[in-house]
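Residue numbers (my numbering), protein chains in the order written: chain A, 90 to 419; chain B, 18 to 321; chain C, 370 to 847.
Every residue gets a Cβ at the ideal spot worked out from N, C-alpha and C, and that includes glycine.
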Amino acid sequence: MGNRNAIKRIVAHLLLAATSVLFIVPFVWMVSTSLKHESRIFPESGKPPEWIPRTDQFDEQGRRLIIYEGKPGVELKDVDDKKVILVDGQELNVWPSDVTPQTRIGFHWQNYPKAFATMNFWVNLRNTLFICVSVVIGTVISCSLVAYSFSRIEWPGRDALFVVVLATMMLPYEVTLVPLFVLYKWLGWTGSFKPLIIPAFFGTPFYIFLLRQFFMGIPRDLSSAARIDGCSELGIFMNVIIPLSKPALATAALFMFLFQWADFLNPLIYLQDDRQYTLAIALQQFQSNHESEWGPLMAMSTVITVPIIVLFFLTQRTFIQGITMTGLKG
Amino acid sequence: MTRTERRDLRNGLLFASPYIIGFLTFTFYPFAASVYYSFCSFNAIDPPVWTGLSNYRQMMSDGYLHTSLYNTFYYTIGSVPIGIALSILLAVFLNQKLRGMAAYRTIFFLPTIVPVVATSVLWLWVFNAESGLLNGVLRQIGVEWLLSQFGYGLPNWLSDENWSMPSLILMSFWGVGGAVVIFLAGLAEVPDSLYEVAEIDGAGPIRKFWNVTLPMITPTILFNLVMGLIGAFQYFTQVYIMTAGTGGPANSTLVYALYLYQKAFMYLNMGYASAMGWMLFAMVLALTVGVMYSSKRWVHYHGE
Amino acid sequence: MGRTYLSWGLTALVCAVVIFLLWPVRSGWVLASFDAPAPGTDPEHDAIQQGRTIITYWDRSQGHEYEMHNSLVDEFNKSQDKIYVRTVSIGWRIEKLLTAISSGAPPDVCSMDGQALSQLAPQGCFIPLNDWMATQPNMREEDFFPHMYETASMNGTVYGIPCTTDVYCLLWNKEAFRKAGLDPERPPRTMEELQEFAAKLTVRGPNGEIEQIGFLPWLPWDFTYMWGRFFGGNWFNEDFSAVVSAQDPQIVKSLEWQRSWVKDPSDPNPPAYALDKDVAQAFYNGFSAGGAYFSATNPFYTGKVAMIHEGEWQCTFIPKYAPNLEWGVAPIPQPEGAPPLCYSGSCVLDGVPVGSKNMEEALTFLAWYYAPRADGRPSPASDYAHMIHNLTGRKTEAAHERFTQDPKFAVFVNELMTKPAIFYPSIPVGRQFADECQKSREYVMFGQKTAEQALLDSQTMVNGEWDRLRLEAPEHVQ
Chain A
90 MGNRNAIKRI
100 VAHLLLAATS
110 VLFIVPFVWM
120 VSTSLKHESR
130 IFPESGKPPE
140 WIPRTDQFDE
150 QGRRLIIYEG
160 KPGVELKDVD
170 DKKVILVDGQ
180 ELNVWPSDVT
190 PQTRIGFHWQ
200 NYPKAFATMN
210 FWVNLRNTLF
220 ICVSVVIGTV
230 ISCSLVAYSF
240 SRIEWPGRDA
250 LFVVVLATMM
260 LPYEVTLVPL
270 FVLYKWLGWT
280 GSFKPLIIPA
290 FFGTPFYIFL
300 LRQFFMGIPR
310 DLSSAARIDG
320 CSELGIFMNV
330 IIPLSKPALA
340 TAALFMFLFQ
350 WADFLNPLIY
360 LQDDRQYTLA
370 IALQQFQSNH
380 ESEWGPLMAM
390 STVITVPIIV
400 LFFLTQRTFI
410 QGITMTGLKG
Chain B
18 MTRTERRDLR
28 NGLLFASPYI
38 IGFLTFTFYP
48 FAASVYYSFC
58 SFNAIDPPVW
68 TGLSNYRQMM
78 SDGYLHTSLY
88 NTFYYTIGSV
98 PIGIALSILL
108 AVFLNQKLRG
118 MAAYRTIFFL
128 PTIVPVVATS
138 VLWLWVFNAE
148 SGLLNGVLRQ
158 IGVEWLLSQF
168 GYGLPNWLSD
178 ENWSMPSLIL
188 MSFWGVGGAV
198 VIFLAGLAEV
208 PDSLYEVAEI
218 DGAGPIRKFW
228 NVTLPMITPT
238 ILFNLVMGLI
248 GAFQYFTQVY
258 IMTAGTGGPA
268 NSTLVYALYL
278 YQKAFMYLNM
288 GYASAMGWML
298 FAMVLALTVG
308 VMYSSKRWVH
318 YHGE
Chain C
370 MGRTYLSWGL
380 TALVCAVVIF
390 LLWPVRSGWV
400 LASFDAPAPG
410 TDPEHDAIQQ
420 GRTIITYWDR
430 SQGHEYEMHN
440 SLVDEFNKSQ
450 DKIYVRTVSI
460 GWRIEKLLTA
470 ISSGAPPDVC
480 SMDGQALSQL
490 APQGCFIPLN
500 DWMATQPNMR
510 EEDFFPHMYE
520 TASMNGTVYG
530 IPCTTDVYCL
540 LWNKEAFRKA
550 GLDPERPPRT
560 MEELQEFAAK
570 LTVRGPNGEI
580 EQIGFLPWLP
590 WDFTYMWGRF
600 FGGNWFNEDF
610 SAVVSAQDPQ
620 IVKSLEWQRS
630 WVKDPSDPNP
640 PAYALDKDVA
650 QAFYNGFSAG
660 GAYFSATNPF
670 YTGKVAMIHE
680 GEWQCTFIPK
690 YAPNLEWGVA
700 PIPQPEGAPP
710 LCYSGSCVLD
720 GVPVGSKNME
730 EALTFLAWYY
740 APRADGRPSP
750 ASDYAHMIHN
760 LTGRKTEAAH
770 ERFTQDPKFA
780 VFVNELMTKP
790 AIFYPSIPVG
800 RQFADECQKS
810 REYVMFGQKT
820 AEQALLDSQT
830 MVNGEWDRLR
840 LEAPEHVQ
């Protein structure tokens with residue numbers, strides 16, 4: 090029996106490990122490419138992909154060492170693109186495909202500074218963080234207020250309105266895309282952060298729903314006791330509900346932060362100046378402007394991805410709890 | 018109305034007021050305006066011109082709209098059911114009390130939180146037919162040789178009109194982690210006693226899965242199905258980045274949301290785009306209602 | 370214990386973010402704000418301090434071309450004490466320009482292709498430039514290449530200043546010709562020769578896989594519009610009010626001819642030059658995928674493609690990326706009977722959007738950019754064309770020796786000087802039309818539609834849009 094269990098475990102581990110590899114390989118590839126020199130990014134046809142970045146080797150005079158097929162060990166006369174080979178002191182023109190650079194394991198860190206310089210990284214980061222933080226603040230304040238009303242105050246029409254909240258969750262954004270653009274244009278908000286931030290202060294159905302589910306679980310007696318003590322509704326909200334709901338609020342804040350960090354369509358439509366670009370837009374712009382520079386592009390993707398991964402590791406528990414909460418009660 | 022009731026109504030409305038204002042401004046008004054625009058010819062510069070049903074009539078005969086609908090259904094049918102099956106499978110494996118389970122869960126979940134822009138750029142590179150990772154690995158493990166025995170070559174993935182959509186579907190499976198976590202939560206709710214009863218009846222692991230696990234997690238399946246459908250119908254960012262906004266080659270990846278975006282913001286045909294938005298809404302609504310209705314037959318709620 | 374560390378860590382993180390957002394990057398910017406949170410570059414900041422007017426220029430060019438353009442803008446900025454031009458590269462995302470202009474927050478100057486101009490000008494989005502141009506040197510209609518002037522204007526009103534243009538020729542690899550037993554100095558001159566040479570230049574490896582191809586009519590990108598015209602067809606009716614390509618036998622023929630380069634599985638005797646669909650697509654990927662075009666891995670540079678239609682910029686890129694390549698330039702072969710034509714694929718124009726807050730300053734900048742320099746040297750615009758190795762929009766400047774001293778570049782210049790140019794017409798549905806041309810070719814090439822069907826579908830699509838625009842703004846659209 091014990092033996093059978095052990096085998097079962099090993100099989101499960103093997104299966105899970107194999108699947109994990111599939112999930113993680115693209116990330117590894119991204120980081121690996123971000124550390125490769127331009128000349129080494131495209132593997133020559135027929136050769137396997139290079140997992141550990143390699144760099145060309147140079148001699149003391151800074152000349153690139155190459156191997157010329159047929160005459161091994163012949164070195165390149167000039168470092169740059171001129172493919173002139175010295176053979177026994179004689180110059181020889183060769184096709185680039187006939188030479189193989191000599192390589193060793195080495196990381197091409199320069200992709201990172203290059204990407205930072207081209208992308209105006211700090212400005213984009215500042216914009217992204219500004220939007221994220223404002224939206225998180227707006228969402229947490231507005232959604233908790235609204236959720237409180239939906240969960241802890243009895244008033245006629247409440248449940249009908251809550252159905253509306255649930256229904257708008259199903260509404261595809263495509264329906265309101267055009268009129269919202271016209272509305273923001275009319276308000277003079279296009280070309281600023283306002284269309285991305287201000288709506289967050291008016292509640293977002295998903296988070297209202299999430300917080301309502303949580304508030305429902307807080308015992309009624311606590312509110313009644315506070316009310317007897319002469320607490321106003323706002324007082325109960327601030328002093329009783331909010332302190333007890335920190336995990337749920339943290340979940341909502343985290344989700345919203347991640348969502349905003351990655352949001353693409355809205356910044357794409359509403360931000361018009363490169364000084365306003367968020368990281369996601371800047372990355373896409375970079376991709377279309379510097380199509381051939383995969384090294385810096387992957388470096389930038391890594392830079393955008395890593396903070397999120399770190400944040401996720403720090404807050405894993407909150408995260409999984411949050412997902413579970415929405416999933417089960419849905 | 019008593020004083021308390023009046024007070025509750027006032028407080029309730031006050032607390033809910035951000036949403037009420039927000040709903041009227043950012044949801045209801047655009048919704049209503051979208052109805053109006055859908056009957057107009059409108060380029061966002063000049064005022065809308067009423068054209069009656071012409072946008073809807075044009076939609077009937079718009080070949081690309083039909084292509085985009087086909088592509089969206091293709092994507093939905095290809096990605097949602099298999100995605101759910103995959104995530105159930107992974108969740109069941111993860112649900113055993115294994116050491117390192119948290120690490121696996123984290124790995125599966127990672128792709129879902131990474132910004133879509135970054136992953137799209139990454140996958141563009143993975144699918145590169147000449148020098149991408151996928152074909153590189155397939156070459157290395159001999160798949161190319163195997164295919165060449167039958168006279169085939171490795172697929173050109175995104176640049177082949179038959180493979181482009183399967184490529185995107187393949188890429189979507191990378192994001193099943195979110196559903197896996199939800200299924201894990203669902204699995205945790207299944208009472209151990211049911212498994213014990215099944216074991217006494219002599220059920221093996223597969224029969225236990227079919228007779229106990231699957232029926233017990235049907236509410237979670239329903240949730241993921243509805244969410245998956247809505248998400249698939251709104252699929253945009255990946256395909257926008259990976260095809261440079263074209264939906265190519267030969268419109269093979271022109272999904273509904275991308276076509277709508279093109280119509281609205283590249284060809285400045287906002288009226289038509291609004292009509293398309295409405296049609297999409299009708300379809301999503303019909304599908305969701307359909308799924309919900311059918312769920313009465315196959316979803317078992319605990320305690321029933 | 371672990372939880373304490375975690376909460377301290379998170380608190381520190383939040384503090385760091387707050388400090389980062391509040392950090393005064395430049396005097397006057399403390400808190401990131403709703404509108405323009407980020408300061409510009411140092412010189413821009415200095416310009417603000419000096420009280421200069423800042424104008425925004427949206428540049429269609431990207432990558433190295435954008436950097437070159439910027440160096441000229443810098444020259445202007447250094448020469449000025451009243452105006453400072455800040456440039457933004459917007460790249461291929463034309464919808465940026467469309468949404469900005471339509472939402473009334475446009476840049477002060479923008480560069481664009483003819484399609485963007487003809488999409489927006491009918492709605493009155495650009496200021497007419499006729500009167501202003503009349504006051505400028507070298508801006509008479511006859512100074513420009515006719516196709517550029519036509520692209521820049523609609524119904525006689527000019528909305529943009531022609532900046533750079535392109536022309537395409539046939540490039541061939543002399544070494545590959547030699548290996549195939551062809552005369553390396555003699556390019557194909559007729560369609561029959563093009564097909565014959567292409568067949569001879571298809572080289573198979575030891576295992577039968579194709580290592581080199583001769584030619585494909587859609588490398589490095591789509592030439593459907595050009596081939597239709599080369600075949601003597603007309604895409605539009607006589608008064609340019611509708612697409613009639615499906616009714617034009619020559620256009621249909623041109624598309625079928627493109628189709629013939631890919632083997633039809635049902636055809637037992639495909640032409641000798643035809644390739645398998647997968648092979649053709651793989652070679653096409655070689656250009657499009659992963660930015661291989663501007664690199665040493667460009668399939669023409671590496672000898673994988675022996676003949677290709679390419680633009681004048683290759684006169685610089687080939688020496689840079691493939692210094693050992695032996696290559697020649699010749700006009701693209703054309704079917705017999707039709708008058709000789711050349712193909713100009715793109716026109717880049719500078720315009721001033723209506724709603725620009727600094728129109729005067731914008732025009733001052735454009736005047737500087739397009740006028741010959743005080744010391745007699747050509748205009749900065751011509752410098753830009755020279756730097757990025759394109760042709761200038763002005764005939765008078767294109768004849769300058771800097772453009773003709775390279776014998777290969779001179780072949781390109783000569784094409785445009787001596788032959789009428791094929792170019793995309795200034796119609797409000799120009800973008801759809803161009804997109805449709807490529808799509809119909811893809812449909813036909815993949816065997817999903819017949820040539821007539823594909824053309825009819827795109828024609829219906831484009832004409833439908835055209836009718837809608839007439840209805841919407843009848844006074845603007847012809």
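Taking a beta-carbon distance threshold of 7 Å, C/Q683 does not count as an interface residue toward chain B. Rounded to whole angstroms, B/F200 and B/Y36 show a C-alpha spacing of 31 Å. Annotation: the continuous beta strand (DSSP E) that includes A/I194 extends over T192 to I194. Look at the stretch 532–582 of chain C and you find these whole runs of beta strand (DSSP E), each 3 residues long or longer: 537–542 and 579–581. The Cβ atoms of C/D428 and C/T456 sit closer than 7 Å to each other. With respect to the 7 Å criterion, B/G170 and C/D647 are classified as neighbours on the basis of their beta carbons. Between C/S487 and C/P692, the gap from beta carbon to beta carbon reaches 7 Å or more. Taking every protein chain shown into account, the CB of B/V131 has 16 or more other CB atoms within 10 angstroms, so this residue is buried.
Residue-level contact check: C/S480 does not touch chain A, since none of the beta carbons of chain A fall below 7 Å from its beta carbon.
Counting C-beta atoms within 10 angstroms of its own C-beta, B/N145 has 16 or more neighbours from the protein chains shown and is therefore classed as buried. Within the model, the alpha-carbon separation for B/A102 versus B/L242 is close to 11 Å. C/E681 counts as buried, since no fewer than 16 other beta carbons sit within 10 angstroms of its beta carbon. The beta strand (DSSP E) runs of length 3 or more contained entirely in the stretch 451–524 of chain C are, from start to end of the chain, 452–458 and 478–482. Taken through DSSP and simplified to helix, strand or coil, A/R143 comes out as strand.
For the 7 Å CB-CB criterion, B/V272 and B/N88 form a contact. The beta carbons of C/L840 and C/P702 sit about 43 Å from each other, so the pair does not count as a contact at 8 Å.
According to the DSSP secondary-structure assignment, B/S58 is paired through a beta bridge with B/V66.
M259, L260, P261, Y262, E263, V264, T265, L266, V267, P268, L269 and F270: these are the residues of the stretch 259–270 of chain A whose beta carbon lies less than 8 Å from some beta carbon of chain B, given in chain order. Of all alpha-carbon atoms in A/I397, A/D248, A/P336 and A/Q376, the one lying nearest the alpha-carbon of A/L347 is that of A/I397. Straight across, the Cα-Cα distance linking A/R129 with A/A206 is about 22 Å. With the criterion set as a beta carbon lying under 7 Å from some beta carbon of chain B, the members of the stretch 387–405 of chain A are S390, I393, T394, I397, I398, F401 and Q405, in sequence order. DSSP places C/T425 inside the beta strand (DSSP E), whose first and last residues are T422 to D428. Contact annotation: C/A611 and C/V631 have beta-carbon atoms that are not nearer than 7 Å.
Under the 8 Å Cβ criterion, the stretch 57–65 of chain B counts as touching the stretch 284–293 of chain B, having at least three qualifying pairs. Following the DSSP letters along the chain, one finds A/C232 in no beta strand (DSSP E) but inside the alpha helix (DSSP H) bounded by residues F210 to R241. In the structure shown, the three-state DSSP call for B/W315 is helix.
Taking a Cβ-Cβ cut-off of 7 Å, A/G319 has no neighbours in chain C, whose nearest Cβ is about 33 Å from it. Positions of the alpha helix (DSSP H) runs, each at least 4 residues long and wholly inside the stretch 737–765 of chain C, are given as 749–757 in order along the chain. B/E178 is a Cβ neighbour of B/A267, given a cutoff of 7 Å. For A/M259 and B/I247, the gap between their C-alpha atoms comes out near 7 Å. The C-beta distance from A/N328 to A/L285 rounds to 33 Å, too long to fall under 8 Å, and the pair is not in contact.
Taking the Cα positions, A/V225 is about 28 Å away from B/A120. Of the other Cβ atoms in all chains shown, fewer than 16 fall within 10 Å of the Cβ of B/P222; this residue is therefore exposed. Between C/V457 and chain A, the shortest Cβ-Cβ separation is below 7 Å. Three or more Cβ pairs drawn from the stretch 513–525 of chain C and the stretch 760–774 of chain C lie within less than 8 Å of each other, which places the two stretches in contact. Taking the Cα positions, C/A790 is about 11 Å away from C/P708.
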